[in-house]
Amino acid sequence: MTNDKLLPEMVEIWQQTLNWQPTVQQQTQFQRLYELILEGNSQLNLTRITDPQEFWEKHLWDSLRGIASLLSANFYSASLALIDIGTGAGFPGVPVAITVPNCTITLLDSTRKKIIFLDNILSKLALTNAKTLVGRAEEIGQHPQHRQAYDIALIRAVGAASVCAEYTLPLLKQGGLAIIYRGNWTKEETTDLQNAVNQLGGVIELIEKFTTPLSVSIRHCLYVRKVANTALNFPRAVGVPSQKPL
990 MTNDKLLPEM VEIWQQTLNW QPTVQQQTQF QRLYELILEG NSQLNLTRIT DPQEFWEKHL
1050 WDSLRGIASL LSANFYSASL ALIDIGTGAG FPGVPVAITV PNCTITLLDS TRKKIIFLDN
1110 ILSKLALTNA KTLVGRAEEI GQHPQHRQAY DIALIRAVGA ASVCAEYTLP LLKQGGLAII
1170 YRGNWTKEET TDLQNAVNQL GGVIELIEKF TTPLSVSIRH CLYVRKVANT ALNFPRAVGV
1230 PSQKPL
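Counted the way the numbering used here counts, the sequence shown spans residues 990 to 1235.
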């Protein structure tokens, strides 16, 4: 691989920002992931982000920033079940799978081409703790095999946060955690999200604002804890959550 396609290691930044740093093997897997995404991009239009530094910040660091509080010894010893909803090119799910090998992660996307691409990536990275699933969040959330089956649900914001809550909470066990990745965030959005999680059996545990280490842009992560069973009519039928947010 030419030098211009080498990911920066950023050991100090990993340590300073997340109190964590990748092993040599994880760094190698990150590099291979980057190369495979660049290869796949020509056919699948996976990401606009191809510069190594930008890829490191917006795809690797940002993916792991959402689970920062979990990158601790007890998380490593727990074998939790995670799901990444609308994973697309595999973010945040694939970097998370590389980082916490004892946890299992399901990568959910409705686009079969992307899932086939991800199957190839998982195979080439030898990631045995991740698997793929083709489907829509609204359907999977009503499926007995998946409903209330996960400890953590990750979702990189697609539409309103209340929609993200409706996609994630039905999939979580009671006590489980939804982590919603966002860019900007407003007080009005907090009110909307509060209204939605009240109906879905959740509480907003934390809205965390932070800046990215290289481009110093503002990001947010929303942490919603499931405290009661979600009513059986959620998630609503395909398309309804986004057209008529709670």
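Idealized CB from N, CA, C, for every residue including glycine.
Measure how close the beta-carbons of E1127 and P1011 come, nearest whole angstrom, since I'm counting them as under 8 Å. For this step, residue 1127 is matched to residue 138 along the sequence shown. For this step, residue 1011 is matched to residue 22 along the sequence shown. The Cβ separation is near 35 Å, so there is no contact.
Check the Cβ-Cβ distances between Q1015 and every residue of chain C, and say whether any is below 8 Å. The structure shown contains no chain C; it holds only a single protein chain.
Which residue wins for smallest C-alpha separation from R1214, given the options S1204, I1207 and G1190? By one-based count along the sequence shown, residue 1214 stands at place 225. The candidate whose alpha carbon is nearest that of R1214 is G1190.
Cβ neighbour criterion (16 or more within 10 Å) applied to L995: By one-based count along the sequence shown, residue 995 stands at place 6. Here L995 is exposed: its Cβ has fewer than 16 other Cβ atoms, across all protein chains shown, within 10 Å.
Is the beta carbon of H1135 sitting closer than 8 Å to the one on L1114? The residue labelled residue 1135 in the question sits at position 146 within the sequence shown. The residue labelled residue 1114 in the question sits at position 125 within the sequence shown. The answer is no: Cβ separation not under 8 Å.
Neighbour-count burial assignment, W1003, 16 or more Cβ in a 10 Å radius: Numbered from 1 along the sequence shown, position 14 holds the residue referred to as residue 1003. W1003 should be labelled buried.
Which two residues bound the contiguous alpha helix (DSSP H) that contains D1108? Taking the first residue of the sequence shown as 1, we reach residue 1108 at position 119. Membership of D1108 in the alpha helix (DSSP H) is indicated by the continuous run R1101 to K1113.
Count the other CB atoms within 10 Å of the CB of T1175; is the residue buried (16 or more) or exposed (fewer)? Counted from its first residue, the sequence shown places residue 1175 at position 186. Exposed, by the Cβ-count rule.
Quick one, which of Q1042, P997 and I1056 has its alpha-carbon nearest W1009's? Counting from 1 along the sequence shown, the entry for residue 1009 is found at position 20. Looking at the Cα atoms, I1056 is the closest of the given residues.
How far does the alpha helix (DSSP H) with V1013 in it reach, from first residue to last? Numbered from its first residue, the sequence shown carries residue 1013 at position 24. First-last of the alpha helix (DSSP H) with V1013: V1013 to L1033.
Where R1125 and L1069 are concerned, what is the direct C-alpha to C-alpha distance, given to the nearest angstrom? Translated into the one-based positions of the sequence shown, residue 1125 becomes position 136. Translated into the one-based positions of the sequence shown, residue 1069 becomes position 80. Roughly 22 Å between the two C-alpha positions.
Nearest to A1167 (by Cα), restricted to the options A1154, E1177 and T1179: If you number the sequence shown from 1, residue 1167 lands on position 178. The option with the nearest alpha carbon to A1167 is A1154.
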